[in-house]
Every structure is written in structure tokens, then in C-alpha cells.
Amino acid sequence: MAEFAYEPEPASVGLAPGESIREFAGKSPWRLAGRRLARNRVAMAALALFVLIVAVSFAAPLYAKHIAHTDPFANNLNGTTVVDGKTVEVLQQGGGPLKLGETPIGPTWHANYFLGADNQGRDVMARVLYGGRASLLIGIGSAVLACLAALFLALLAGYFRGPVDVFLSRLMDLIWAFPIFLLAISLATVLLTAPDGLQWGPVHVDPSSLWIPTLIIALVYVPYVYRPVRGQVLSVREKEYVEAAVAQGASSLRLMFSEILPNVLTTVIVMLPLMIATTILTEAALSFLSIGVQPPQASWGTIIDDGQDLLYSRPWVAIAPGIMIVLTVLSLNVLGDGVRDALDPRAKLRLKG
Amino acid sequence: MALFIVRRLIGLVVVLFAITVLTFLIFFATPGVDPTRSLAGRNPTPETVAAVRHQFGLDRSKPEQYLLMMKRLFISRDLVSYGNQALKVVPAITAATPVTFSLVIGAAVIWILLSILTGVLAVVLKGSIWDPLLMIVALIGISMPVFWLGEVANLITQDRLHDTFLFSWVPPLGYTPLTENPWQWFLHLIIPWLTLAALYVGFYARVLRANLLDVANEDFVRTARAKGLSERRILTRHMLRTSMITFVSLFGLDFAVLVGGGALLTEVVFGLPGVGLLTYRSLQSLDLPVIMATVIYGAFFITIANAVVDILYARLDPRIRPT
Amino acid sequence: MAPPPPPLLEVRDLKVSFNTEDGVVRAVDGVSFTLGQGEVLGIVGESGSGKSVTMMSVLRLINDPNAVFEGEVLYKGRNVMDLPEDRMREVRGGEIAMIFQDPMTSLNPVYRVADQIAEAILTHRAIGKAAARTRAVDLLRQVGISQPERRADDFPHQFSGGMRQRAMIAMALANDPDILIADEPTTALDVTIQAQILDLIARLKDEFASAVILITHDLGVVAGIADRIGVMYAGRLVEFGGKRDLFYDPQHPYTWGLLGSIPRLDRPKQDRLHSIAGMPPSLIDPPAGCRFRPRCPHAFDRCETEPALEVRGGGARHLDRCWLDPESKRAVRDRTIRGESAAA
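Going line by line, the protein sequences match chains A, B and C.
Here the first sequence stands for residues 0 to 352, numbered as in numbering that gives the first Met the number 0.
Here the second sequence stands for residues 0 to 322, numbered as in numbering that gives the first Met the number 0.
Here the third sequence stands for residues 0 to 343, numbered as in numbering that gives the first Met the number 0.
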């Protein structure tokens with residue numbers, strides 16, 4: 000999906016409605032933005048929700064061990080559990096659309112198999128939490144990587160201009176011309192055909208490593224962040240204070256980092272929550288198609304894929320991870336809106352003359 | 000204007016060429032991966048491996064391999080799938096295209112209408128409870144993975160509520176061509192249309208609302224009001240018209256991506272035999288010739304559509320027309 | 000003898016305030032004036048003085064839900080504040096027209112210039128598109144745009160800044176309004192073009208028999224064209240009178256400051272251009288007493304009470320808000336304007 004290309008206004012602190020000039024005396028724009036964000040209760044609620052989801056997902060091992068007492072990665076085809084005081088088999092005979100084969104148990108709403116089991120007898124709830132770990136790691140990791148790479152490349156291109164800029168921008172255009180999902184699919188397919196893993200020089204990468212989807216997704220989104228950042232670098236470069244620094248004899252490297260970078264950083268920071276939301280959705284789609292996270296690892300997308308066969312009999316397997324995705328992405332979107340409002344207040348105090 | 004179009008077309012050809020080269024490189028030259036193994040699919044027999052070697056000329060130089068692949072794809076069009084020897088790739092794609100078009104065009108009509116309605120309503124009702132409410136609904140729409148939403152829709156319409164009057168009319172998953180039975184065609188597609196549109200309505204409603212609010216502060220809107228125009232006319236002829244520039248260009252890009260195969264998740268979930276489903280099946284068996292062909296088809300279509308959008312954009316915004 | 004005709008526009012004690020989180024901003028705090036047929040009124044003041052808000056209120060162009068209006072604006076005897084919206088729309092563009100500061104952004108970039116002028120015409124008269132277009136082309140000719148038939152089909156970005164402002168004026172005068180309000184029409188233009196635009200307005204006002212209200216921060220702009228001038232400061236009129244009175248016998252120290260900061264060729268060269276020290280006051284917390292007091296080099300104890308706007312020493316129909324005794328004022332004044340002595 001073509002995301003809305005972000006065109007930021009130059010970093011400036013305008014007054015938002017209800018703010019007085021008194022508050023602004025002598026404070027850095029970052030502190031001001033931070034305060035504005037902190038006052039945005041909806042954004043703060045979203046941040047809290049996101050942090051909660053992250054915390055719960057990373058506590059997955061604790062949940063599995065101490066609360067559910069299950070191993071979400073081991074098949075438990077012949078296991079049993081206790082429901083309402085009775086011992087039942089995790090995979091029960093009968094059920095399913097043809098009333099043949101086996102059906103895993105549904106939600107017990109108890110600690111053990113809280114949301115029921117999947118086709119392999121594994122605890123769905125524990126898997127969803129573990130899946131969260133993978134999805135969040137990949138989502139946050141790839142977004143951060145993409146932003147860092149784009150930032151670095153955009154600084155180079157925007158600052159040095161000339162052949163460097165032409166080369167980098169054409170390269171970015173080429174990557175971007177290749178539609179995201181197609182590029183991701185191609186890369187993933189190719190990288191996953193090697194059953195023993197990849198060998199990149201001295202580095203061996205296991206096929207189920209989370210690095211593969213992370214790098215693929217990061218690569219695919221670099222151009223998306225690169226474009227607006229480069230535009231910002233170009234416009235900041237023209238500003239008077241950069242000329243002043245040059246006149247004072249500052250070196251290129253110093254200029255790039257001390258003058259241009261801080262101003263351009265705003266653009267990246269505003270994009271970050273939305274990027275994470277996008278990468279999480281992308282990873283979920285790739286995993287759903289079996290070309291994202293590979294077994295034995297699990298992510299929200301793979302669990303939804305697992306749940307397809309059980310959709311009508313045990314819908315929770317497919318629904319639960321989806322709900323987690325919706326909550327995570329929703330909170331990131333709301334937070335992203337809040338961050339953008341805090342750093343780029345659009346409303347101007349309208350009292351002219 | 001004609002020169003502008005010609006220049007765009009030349010650029011287009013260059014990009015298409017670059018895409019084929021990039022695709023080739025990905026499948027044949029990714030470091031650390033042996034293309035023979037990639038192309039032969041999972042667990043190939045020795046015969047398959049030998050056949051792959053021969054068909055793709057892997058014993059020859061890379062540029063020759065590239066030319067060979069291009070030839071098979073475009074000229075002789077006899078690229079054959081590895082999972083199913085009887086399946087000729089290019090005809091399979093052309094057969095699947097109308098399905099994808101049906102899905103995407105229908106969904107697009109729905110999402111354009113709904114998002115304009117929602118965006119405009121949110122602006123007109125600004126200040127009341129409806130504006131944030133509509134935007135929250137929009138936000139939820141963007142936050143749902145489309146394949147998951149499709150699964151949920153199936154759960155409700157095919158199973159849980161299938162026997163009620165609400166959804167008893169929903170046919171089993173699948174597709175009927177328009178030419179065969181228009182009514183069935185429609186019934187098969189209505190739920191997929193709504194599912195696919197849900198995501199985009201959310202996005203476009205938000206974009207339109209943001210654009211309209213920005214435009215409302217523009218000086219020319221103030222001028223229009225000072226001329227004595229009615230609020231309705233200001234909204235439609237001045238605010239909406241200028242906001243449509245962004246809206247249409249974004250729409251063009253999204254539409255292109257969807258038709259190029261981006262709707263694959265929806266097709267998979269609803270069992271619609273379009274280009275996306277073809278790609279998916281080939282992914283499952285790592286049937287590389289098919290994957291390659293669908294990727295190139297998709298990339299071509301999208302790039303062409305991008306160029307069309309560029310030209311359209313110039314029509315909509317006189318400021319960027321070359322004078 | 001017949002009673003004098005009622006003034007075309009009469010503003011009575013207009014107050015406009017905005018409710019913000021920090022308090023109530025009194026942008027316009029009791030402004031009154033009249034405008035007669037065919038008269039040119041200049042309103043001068045710095046940013047934040049309330050001049051634009053006053054004029055936008057005349058046309059009820061302020062949409063802010065936090066705005067509160069008091070007072071009356073009588074146009075041909077009827078209070079504009081009470082008019083129903085559809086009647087107000089007839090007034091806008093049809094009887095009172097307004098042009099704004101930046102002509103580039105004031106015209107819609109996606110429509111042709113003639114179409115936008117025709118839109119203004121067709122909103123108020125049912126004459127058919129072809130007739131409207133002909134009239135639009137005529138108007139463009141009247142405002143001095145050469146080859147109007149060809150240029151009519153251009154888009155705004157193809158016009159230069161001066162041409163755009165001429166087109167705006169054409170659009171404003173399209174329906175023969177009784178009043179043309181021009182809000183800083185020359186501020187965004189080059190100095191040479193400024194003069195052309197002002198000449199154009201002066202010529203057209205006679206051709207179209209319109210009264211003109213010219214808003215600006217630059218006294219030099221109104222020097223040639225205005226009949227009467229009002230000086231606004233911190234939401235109020237601090238001086239109001241005929242042009243000659245204001246330029247040759249200004250009564251208020253703020254006006255002196257404005258005059259002093261105009262470079263003049265007909266006076267001895269000053270060492271430094273005089274500027275008014277200090278900043279305009281907060282409109283939420285205006286200072287008690289005379290609002291100019293904190294910046295006035297001549298303030299004395301009486302200034303702690305707010306002076307009313309009335310005729311004091313400047314002659315009939317020359318009003319001001321200053322407690323200083325008019326006789327002793329005059330000596331001080333000339334020194335102040337020349338940038339000597341107590342001016343800081």
C-alpha cells in the first residue's frame with residue numbers, strides 16, 4: 000500500500016492553540032515537544048498500551064513456565080489437561096468440518112491452555128505471547144534499521160550532492176519502483192530456499208533466524224524514509240546558520256553532524272512509530288504467506304496462518320494474534336499522530352493585525 | 000505536453016528494463032544462494048535439477064542467462080512451471096488477470112466513495128462528536144491486517160452467521176466470471192470488496208480530512224468566502240478540488256500496486272484465482288518460474304501505472320505542467 | 000436644508016475577543032468610525048493592532064468558534080452582525096468586496112484567472128457564462144493587464160505578483176461594490192509595483208464609484224490616496240482625522256513614532272532612523288491607563304487613566320487619545336519626529 004509520503008515543515012516551534020509565549024522562553028525545542036506530547040492524553044494512553052504489549056510479549060517465557068506450565072514449541076499431540084476438574088485430551092477425536100480427525104480443545108479460560116490448543120497441541124496463548132516477541136523484534140528492529148540507513152544515506156546524498164546524490168537517489172528509486180511486497184517476496188523466497196541456511200562470508204545465518212525477515216523488511220522500506228529525509232537535508236543545508244558555520248571554517252563532517260543532523264532528526268522521529276506499525280503489518284503478511292518467520296520460530300503472522308485450518312472449529316487460534324496486531328498497530332498509529340502534532344504543530348496562532 | 004509524455008515514456012522503458020535486471024539478479028545472483036537449487040524448488044529430483052540447468056542455461060554466462068530468461072518470458076512465452084509441468088506460466092497469468100481486476104476495481108469504487116463521504120463528513124461535522132469518532136473508525140481500519148480481517152469475515156459470513164438471513168446469500172469461497180453469470184460474480188465478490196476496501200477507506204478518509212483541514216486555512220478559501228460563495232460551493236469547488244490532487248495521485252499508486260498483485264492476501268483468503276493467488280501457490284511450492292513471472296508482471300504493471308499517475312497529476316495541477 | 004445622508008458604513012464600538020487557554024485576547028477593543036460614499040479611509044497600525052480583525056469582522060469572515068463579537072457594524076443603516084447568513088453572502092463580494100495581502104496564495108491555483116473572476120460575477124448576477132467571461136476580460140483590461148483575452152485563460156502562477164494583485168482587484172470590483180476593503184494590498188509586492196497598484200486603486204475608485212478602506216502598517220502607503228486616516232494601536236484607534244491634519248499636525252505620540260520612522264527626503268538627514276522602543280502590549284493583559292504609556296517618552300502621571308477618543312486640540316473632526324496639552328505638544332513633537340531628544 001502506498002503510504003502517504005510525509006512532507007514535514009522545517010523544524011520550527013510555532014505556537015499551537017492555547018500556548019502562550021511565556022512558556023517558550025529559553026527552552027529547547029525537544030523539551031517543548033516532549034511536554035506537548037506528555038499533555039496529549041490520548042497519545043500517552045497509546046504509548047502505555049504499546050509498552051504494555053511489549054512488556055507482556057517479552058515476558059512470554061515467564062508466562063509459559065510459571066503460569067501456563069506449557070512449552071509452546073513442543074508438540075503435545077498426546078498430552079492432557081484438566082478442565083473443570085476432569086482430565087481431557089488436548090487433541091480430541093472427532094470434530095472438524097468432516098467430523099473426522101482430531102480437533103484441539105478450545106479455550107479453557109484457565110491458566111493452562113487459556114485460549115486452547117492448536118493443531119500440534121500447543122498452548123495458543125503462550126504461542127501468541129512468544130509470537131509477539133518475534134513480531135515486535137522484527138518490527139522495531141527493521142524500522143530502526145531502515146531509519147538509520149536512510150538517515151545516513153540521506154545525509155550523504157543531501158550534503159555532498161553531485162554524483163553521490165545522483166547515484167544514491169537513483170538506487171533508492173529503483174528499490175522503490177519495485178513494489179514492496181514483490182521485493183519482499185522475491186528476497187524472502189530466494190533466501191529461504193537454502194535449507195541449511197545462508198553463508199555470507201564468515202557469517203552463517205540459520206533459515207529460521209529472525210534476521211532474515213528483519214533485513215529484508217528494512218531494505219524494502221529504506222527508500223520510503225530516505226526521500227523525505229533527503230528533502231529535509233537539502234532545505235536545511237540552504238539555511239543561513241549552516242552558511243554561517245561554513246564561514247566559521249567548520250569541517251564537512253562536523254557540519255553534517257552538529258548542524259544538519261539535529262534538524263533532520265525530527266523528520267525521522269515523527270516517522271518512526273508509523274514505520275514500526277508498517278513493518279509489523281508487513282512481517283505479519285509475509286509470515287502468513289510462509290515466507291516470513293520460519294519454524295520453529297513463531298510470530299503473530301505464522302499463528303494466523305496455522306489457524307486457517309481451524310478457523311471454523313477453533314477460531315481463537317487465528318483471531319487472538321490478529322487482535323494483538325490490531326492493538327499494537329493502533330497504538331503506534333495514535334502515538335505517531337501525537338508525536339507528529341508535538342513536533343510539527345500545524346495550527347498557527349491566528350491573530351493577524 | 001507531448002514532449003513531457005515522450006520523456007516520461009522513455010524513463011518508463013528504462014525503469015522496466017532495470018526491474019527485469021533486478022529481478023534476474025535477485026533470483027539468479029543473490030550472494031550465498033545457488034540459483035540451481037532455488038529454481039528447482041523444494042526437494043528436487045536429479046532430473047529436475049538437470050532440466051533446470053538446461054532450461055535456464057546456468058552453465059552459460061550471466062548476461063546470456065538473462066537474455067534467455069527474457070526470451071522465454073516474453074518472446075516464446077513457453078516458460079513452464081516446475082510444480083505442474085502442464086502449466087504454462089504466461090497464459091496462466093493472463094487468465095488470472097481479470098479476476099484480480101474485478102476484485103480491485105470493485106473495491107476501489109467502494110473505497111473511493113466511502114472515503115470521500117467519510118472525509119467530508121468529518122470536516123463538515125468538525126467540533127462535534129462525529130469527527131473524532133469517524134477518525135477512530137478509520138484508524139482501526141488501517142490497523143487491521145487485511146488477511147486477518149478476511150478470515151474474520153469468512154468466519155462470520157461462511158460459518159457462524161451463514162444460516163441467518165444476514166449472510167445466507169453468501170456463496171462458498173470462489174469466483175464466477177462476469178461473462179458467465181453477473182449476479183453470481185457480484186455475490187462472490189461483495190464480501191472481498193468490502194474487506195479490501197476497509198483498509199483503504201480508513202487511510203484515504205484520514206488523508207482527505209487532513210488535506211481538507213489544511214486547505215481550509217488557505218488564502219484562496221478566504222478569498223472565495225469574501226466573494227460571497229456558499230459554504231457548499233467553497234467545499235466542493237475549492238477545497239475538495241485542490242485536495243483531490245493528492246488523493247488521486249495516492250489512489251493511482253495504490254490501485255497500481257493492488258492490480259499488480261498486491262491484493263494477493265485478499266485473494267488467498269477468499270479463494271479468488273487471481274494473480275495474487277497464483278503467486279501465493281507458487282510461493283508455497285517455491286515454484287520459481289511462476290514466481291519470477293508474476294513478480295515481473297506485477298512490477299511492470301505498477302511502473303506503467305506510476306507513469307500514468309504522473310501524467311494525470313500534471314493534468315490536475317496546472318502548476319506543474321511544463322509551459 | 001436636507002439632513003446629510005447617513006454614512007455608508009458606521010462601526011460603533013466594535014469589540015472582538017478570542018477565548019484562548021491563556022485568557023481572553025481582546026484583539027479589537029472598542030473601535031468606532033464612519034465611512035462615507037466614495038471616501039478613502041486609511042487604517043494604519045503595526046501587526047497585532049487589530050486592523051485586519053476589524054475589517055474581517057465587517058464582512059463577518061472570522062469563523063473561529065472562540066470569537067466573541069460586540070458592538071455594531073451598520074452598513075447602509077442595517078447591522079451586519081444581525082444579518083442572516085444568506086443575506087450576508089449577498090453583501091460579500093456583491094456590495095462590499097475585500098482583497099488581501101498575498102495575491103499568489105489568494106487565488107486558487109487550479110482554476111484559470113478569468114474563471115475565478117467570472118465566478119465572482121455569477122455568484123451575484125444571473126447573466127450566463129459567456130457574458131460573465133466577457134465582463135471578466137473587460138475588467139482585466141480596466142485594471143491594466145495587457146492582452147486580456149489571452150491572459151484571461153492563464154493560471155495564477157503564470158501571472159507576475161503585480162498582475163495577480165490587479166486580477167484580485169478586478170475580481171473585487173466585478174460587481175460594482177460600494178466599498179472596497181484592501182488589507183495590506185501592497186505589502187507582498189516590490190516597491191515600484193506598490194506605487195502602480197495604489198495609483199490603480201485611486202483611479203478605479205472613481206471609475207467604479209466605490210469607497211475604499213485601505214489597511215496598512217506603512218503610513219507612506221496612505222499618504223497619497225487617503226482622505227481620512229485612522230491610527231490603531233493595541234486594538235483601539237488612537238488618532239483619527241483628515242490626511243492633512245494627521246501628517247501636518249499629528250496629536251498622538253504613537254503617530255509621531257510612525258511618522259518619524261519614515262525616511263523623508265524633504266527633511267534634514269537624520270543620523271538614525273527613529274524607531275519606537277519597546278513591544279506592543281499583550282492583548283490579554285493590557286496595561287492600565289493609556290495603552291501606549293509603556294513606550295511613550297512623554298508619559299506623565301495623568302496617563303494612568305485611559306484617555307477617550309475625542310477632539311482635543313487638533314481641529315474639528317480630528318480625534319485623538321492623548322492627555323498632553325496640544326500647545327506644548329507641538330514643540331516636543333517636531334523634535335521627536337526628527338529623532339532628537341527624548342526619543343529613544
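Every residue gets a Cβ at the ideal spot worked out from N, C-alpha and C, and that includes glycine.
Neighbours of Gly49 (chain C) across chain B, judged by C-beta separation under 9 Å, do not exist; the nearest C-beta is about 18 Å away.
For the C-beta of Asp316 (chain B), the chain C residues within less than 8 Å are, from N- to C-terminus, Pro108, Val109.
With 16 or more neighbouring CB atoms inside 10 Å of its own CB, Trp255 (chain C) falls in the buried class.
Just so you know, the alpha carbons of Val20 (chain B) and Asn74 (chain A) end up roughly 44 Å apart. Pairing Leu66 (chain B) with Gly10 (chain B), the inter-Cα distance amounts to about 21 Å. For the pair of segments examined, the region 230-242 of chain C was found to touch the region 307-319 of chain C: the number of CB pairs separated by less than 8 Å reaches three. Scanning the region 88-143 of chain B from its first residue to its last, the whole alpha helix (DSSP H) runs of 4-plus residues come out as 88-123, 129-142. Of all residues in the region 206-237 of chain B, the ones placed with a Cβ closer than 7 Å to any Cβ belonging to chain C are Glu217, Asp218, Phe219, Arg221, Thr222, Arg224, Ala225, Lys226, Gly227, Leu228, Ser229, His237, in chain order. Secondary structure of Asp152 (chain C) (DSSP, three-state): coil. Ranking C:Asp28, C:Gln36, C:Arg11 by CA distance to the CA of Pro4 (chain C) puts C:Gln36 first. Distance from the CA atom of Arg132 (chain A) to the CA atom of Phe57 (chain A), rounded to whole angstroms, is 6 Å. At the C-beta level, Met238 (chain B) and Val214 (chain B) come within 8 Å of one another. Val43 (chain C) places its beta carbon less than 8 Å from that of Val230 (chain C). Legend: CB atoms of the region 103-126 of chain B lying less than 9 Å from CB atoms of chain C belong to residues Gly126.
Listed in chain order, the non-local C-beta contacts of Glu266 (chain B) below 6 Å within the same chain comprise Gly273, Gly275, Leu276, local neighbours out to five positions each way being set aside. DSSP places Lys128 (chain C) inside the alpha helix (DSSP H), whose first and last residues are 128-141. The C-beta of Trp129 (chain B) has fewer than 16 other C-beta atoms within 10 Å across all chains shown, which makes the residue exposed. The C-alpha of Leu311 (chain B) lies about 21 Å from the C-alpha of Ala106 (chain B). Bounds of any beta strand (DSSP E) do not take in Leu228 (chain B), whose DSSP letter is neither H nor E. Gln115 (chain C) sits away from Met54 (chain C), with the two beta carbons spaced by 8 Å or more.
Among the residues of chain B, none has a CB under 9 Å from the CB of Val228 (chain A); the nearest is roughly 20 Å distant. Gln247 (chain A) and Gly259 (chain C) have their alpha carbons spaced roughly 38 Å apart. DSSP places Ala210 (chain C) in the uninterrupted beta strand (DSSP E) bounded by 210-215. Burial state of Leu271 (chain B) is buried, judged by a 10 Å Cβ sphere holding 16 or more other Cβ atoms.
Judged by DSSP in its simplified three-state form, Pro45 (chain B) adopts helix.
Boundaries of the alpha helix (DSSP H) harbouring Val41 (chain A): 40-57, taken from the DSSP string. Here Arg235 (chain C) is bridged, per DSSP, to C:Tyr232.
Residue pairing by DSSP places Gln91 (chain A) opposite A:Thr102 in a beta bridge. For Ala96 (chain C), the CB contacts under 6 Å within the same chain, skipping 5 residues up- and downstream, are Ala171, Pro176, Leu179 in chain order. Membership of Glu63 (chain B) in the alpha helix (DSSP H) is indicated by the continuous run 61-69. Secondary structure of Glu282 (chain A) (DSSP, three-state): helix. Per DSSP, Tyr311 (chain A) lies in no beta strand (DSSP E) and is assigned neither H nor E. Membership of Ser16 (chain C) in the beta strand (DSSP E) is indicated by the continuous run 8-19. At a cut-off of 8 Å between beta carbons, Leu199 (chain C) makes no contact with chain B. Excluding the 5 residues flanking it on each side, Glu69 (chain C) has same chain C-beta neighbours closer than 6 Å at Lys14, in chain order. One finds Ser185, Thr188, Val189 in chain A with Cβ atoms closer than 9 Å to the Cβ of Phe26 (chain B), taken in chain order.
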